[in-house]
Amino acid sequence: MQPLLEVRDLRVLFRTKRGPLRAVDGVTFDLAPAETMGVVGETGCGKSSLGKAILGILPPGTRLEGSILLDGRDLAALSREELRQVRGKDVALIFQDPTTRLDPLMTIRDHFLETILSHEKIARQVALERAKKALASMGIPESRLDNYPHEFSGGMRQRIMIAMALVMNPRLLIADEPTTSLDVIVEAQILNILEDLKRVYKMSLLLITHNLGIVAEVCDRVAVMYAGEFVELGPMREVFKHPIHPYTRGLLASIIHLESKELNSIDGLPPDLVSPPPACRFHPRCAYVQDVCRTKDPEWVEYTPGHFAACHFGRDFL
Amino acid sequence: MKLPALQRLLMREPPVVHAVDGVSFTLPPGQIFGLVGESGCGKTTVGRTVLRLVEPTSGAVRFEGKDITHLKESEIRPLRRSMQIIFQDPHASLNPAMTIGQSIADPLIVHGLASEEEAKARALEVMMEAGLSPAEQLYTKYPADLSGGQKQRAAIARAVILRPKFIVADEPVAMLDMSIRARILELMLELKDKYDLTYLFITHDLATAKFICDRIAIMYLGRIVEVGDAKAIFNDPKHPYTQALLAAIPSPDPDARRLKTLPKGEVPDAVSPPAGCRFHPRCPVATPTCGWEPQDVFDLLDQRALNEDLARRDEAVLGPRSQMWGDGPTLRIRIGGIGIPLRQRRSLSALVLLATGVYALLHPLVGLGVLVSGVSALVITEALARWHSTRNSRRRGDAVRAREHLAEVLRTAPEPLAKAVRRVEIEGDWVVAEFAPTADPGLRKVEGREVRCVLY
């Protein structure tokens, strides 16, 4: 199938006093229509920057290299004005904290009208009808259109954010930690909704999260990101059942879940992305490190169909 | 009767939130007691009240047999040495202007227990124990130079430097990356063994609680709903809320993937918690005895509002939501607008005529004009009153319709609500629905633990 999104050798370089910070450093992947892919990693691994790069909302002065093809059109080459047209219409996003993304001085009605009318020249009444439908699909009655964001609970605000993301019927939804600020039951409710979106709207979803449990619940594929690079990418089940990269194995082992028998963690700290370690970036924290890891970049190898990893000793972990 | 707007104008004091409402537990030395619940359940307030960082409205806190609830600040201060706290956000709990070493050594100096040199030596020692190495080097660093995990280690080191007996740990790993949570928990367990610590471990994460706690209490809206041995509760949760919490945790096992049945909605407002069992509006197995609350009706109307037809009918007959109030076991809906009743309107007209008449008699020069205006005022108010009375009778018709409609809607409600309806009647301009009063089930002993649920 023709992929909806093709990201090729994407690099995001932030300007800092100490030199360029490589938040995303050569990331390549495809996303098929109606597919859900998770991107996981620790704080500061570059996963949020990856999402922002695709949406074109990186801070000014950030250098973007590589290409982001959405249906063959390179988003990385678009002007700010052209990107504005794509954003919200073809690509929508859901943020971690809906409170800070809704304008406290605007009613829900105004939020919807602004979103719709900035993309389409249609009558307010038509736009409003669409807003009502999107809200209803999230279980929020239209009688609440004139409420302000603070009059809703956290879970409702997140459902409103999702409704706003859906109202333009985008083909790609990017969700950056969409449930992190929510309680566990509300989180599960939102995950059920995301699952439904995939089925009903045939939408592609890029789910950025640090929570591997969420990935296991909703994703078809998963990419593991470390220090700006993908270290493993594959079908969710494959990666969870047969992880190859030592970092992936460490992450999986460190999850504290109800069936955990022992506590595990990954020693050391994620590296400074201004001057990352040479060769394999994970080598300072890796329990299996060899000399070659310190001198030679590991290759991106496809071990089983669709299951890639970047480790010199990937075969040994199969 | 409660009129929120009027209340806001007249009331001197804001409404009371029972953040914690009748919580009791004991914590034997050397145990880790977990307080588990969603945000807003009161778990943090309990933790702070135990340390007297928040003053309880009523009730008592005893530490080593001594009632500390009413101790003066000067009396409690020496006790603080044995009672410490670790906060969720290590970045916010460490002074950014102090080096890590100074922060950790500070309690010794504040309590006058050591000179600066001694304090530094002791701080370096504790830093080593907390896994902050090289300690000498980190001593002079500022919080901003450290990672989240290191900062939390520093906060832990600061808490144990006074050799406390008891530590409240309020979500100590929630802000940390998964990859290092285990290390911090291990550190806490190590220090517990080393210093014979007792922990009150506050968390929203049941998986963490399962790992670290000996006993746990599950809290919901200010109350403990299940408390007992951690193993027993995890193996066989009894309260429907505990069961829901456990089911909602995302599992990293792809084979466990499934669409879940979850409790409806979200945690209600603690200002007016549901009557009866506080979980009943969301409970999948609630029965009529579990409880009722006005919000149930509003939720029901919201649910109906998703269907355009029903929404239009409800709005037309029952009026806007702003004219509905819940008050204990009673729901009131005001029908029609605000108007002066007919009788008062008539006496008002008479008063106007009388006043203008007297005025006309006393001032003969302008009297005629005033008299004319007085008469016309009477005529106008009379006409208004007549129009009002026809509208009133129409409103009585509205009220009858509203009563029937509300009764009908309530019949379609889920069982606990539908069966709790006692009467739906018209009282003046109001349609009033009354529901059976409900009682909190109270904690009951069930298989080695206590559960607050009528099922047991």
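Residue numbers (my numbering), protein chains in the order written: chain H, 220 to 537; chain D, -12 to 443. Note that beta-carbon positions come from the ideal geometry of N, C-alpha and C, so glycine has one too.
Tell whether a beta-carbon distance below 8 Å holds between H:V214 and H:V437. No statement about residue 214 of chain H is possible, as the shown extent of chain H runs from 220 to 537 and does not include it.
Nearest neighbour of H:P360, chosen from H:M375, H:I475, H:V386 [CA to CA]: H:M375
Keeping to the same chain, check which residues put their C-beta closer than 7 Å to that of H:D244; ignore five residues upstream and five downstream. R230, G447, E448
Contacting positions in the segment 447 to 481 of chain H - beta carbon closer than 8 Å to chain D: M455, R456, F459, K460, G469, L470, L471, S473, I474, I475, H476, L477, E478, S479
Minimum C-alpha distance to D:Y443 - residue among D:E213, D:Q139, D:Q71: D:E213
Contact check, H:T326 vs H:D365, beta carbons under 8 Å: yes
Please check if any C-beta of chain H sits within less than 8 Å of the C-beta of D:V4. no
Find the residues of chain H that neighbour D:A169, judging by a C-beta separation of less than 8 Å, and give them in chain order. S473, I475, L482, N483, S484
Three-state secondary structure assigned by DSSP to D:M526: Here chain D comprises residues numbered -12 to 443, so residue 526 of chain D is not present and cannot be evaluated.
When the Cβ atoms of the segment 246 to 256 of chain H are set against those of the segment 416 to 430 of chain H, are three or more pairs found closer than 8 Å? yes
Pick out whichever of H:T255, H:D228, H:P222 has its Cα sitting closest to the Cα of H:A435. H:T255
Could you pull out every residue in the same chain whose Cβ sits closer than 7 Å to the Cβ of D:L288, ignoring the five residues on either side in sequence? D301
Might you give, ordered along the chain, the residues of its own chain that have their beta carbon closer than 8 Å to the beta carbon of H:I335, omitting 5 neighbours on each side? I341, A346, R349, A350, V386, M387
8 Å Cβ cutoff, D:D132 in contact with chain H: no
In three-state terms, what does DSSP make of H:F371? coil
In terms of residues, what are the limits of the beta strand (DSSP E) holding H:P454? 448 to 454
Going by alpha carbons, who is nearest to H:I475 out of D:P224, D:I171, D:L178? D:I171
Three or more C-beta pairs under 8 Å: does that hold for the segment 206 to 220 of chain D against the segment 7 to 14 of chain D? yes
Check distances from the C-beta atoms of the segment 357 to 372 of chain D to those of chain H and list, in chain order, the residues that come in under 7 Å. none
CA-CA distance, H:T613 and H:E406? This structure does not reach residue 613 of chain H, given that chain H is present from 220 up to 537, and the question cannot be answered.
Which chain H residues sit within Cβ distance under 8 Å of D:P250? I404
Going by alpha carbons, who is nearest to D:L397 out of D:K432, D:R299, D:A347, D:R291? D:R291
First through last residue of the alpha helix (DSSP H) which encompasses D:A405: 402 to 405
Alpha-carbon spacing of D:T190 relative to D:A156, whole angstroms: 9 Å
Apply the 10 Å Cβ neighbour rule to D:N294 and answer buried if 16 or more other Cβ atoms are within range, or exposed otherwise. exposed
Can at least three beta-carbon pairs, one atom from the segment 123 to 135 of chain D and one from the segment 50 to 61 of chain D, be found at a separation below 8 Å? no
For D:K152, the three-state DSSP class (helix, strand or coil): coil
Beta-carbon separation of D:R135 and D:P77 under 8 Å? It is worth fixing the name first, because residue 135 of chain D is Gly in this sequence and not Arg. Closer than 8 Å, so yes.
What's the C-alpha gap between D:P271 and D:P401? 11 Å
Anything in chain D within Cβ reach of H:E361, meaning under 8 Å, just list it in chain order. A292, A298
Please confirm whether D:I96 has its beta-carbon closer than 8 Å to some beta-carbon of chain H. no
For the alpha helix (DSSP H) that contains H:L431, what are its first and last residues? 431 to 437
Where does D:D180 land, buried or exposed, given buried means 16+ other C-beta within 10 angstroms? exposed
Interface residues of chain H around D:F198 at Cβ under 8 Å? I475, S479, L482
When DSSP labels each residue in this structure, what does H:V405 get in the three-state scheme? helix
Beta carbon of D:A262 nearer than 8 Å to that of D:E280: yes
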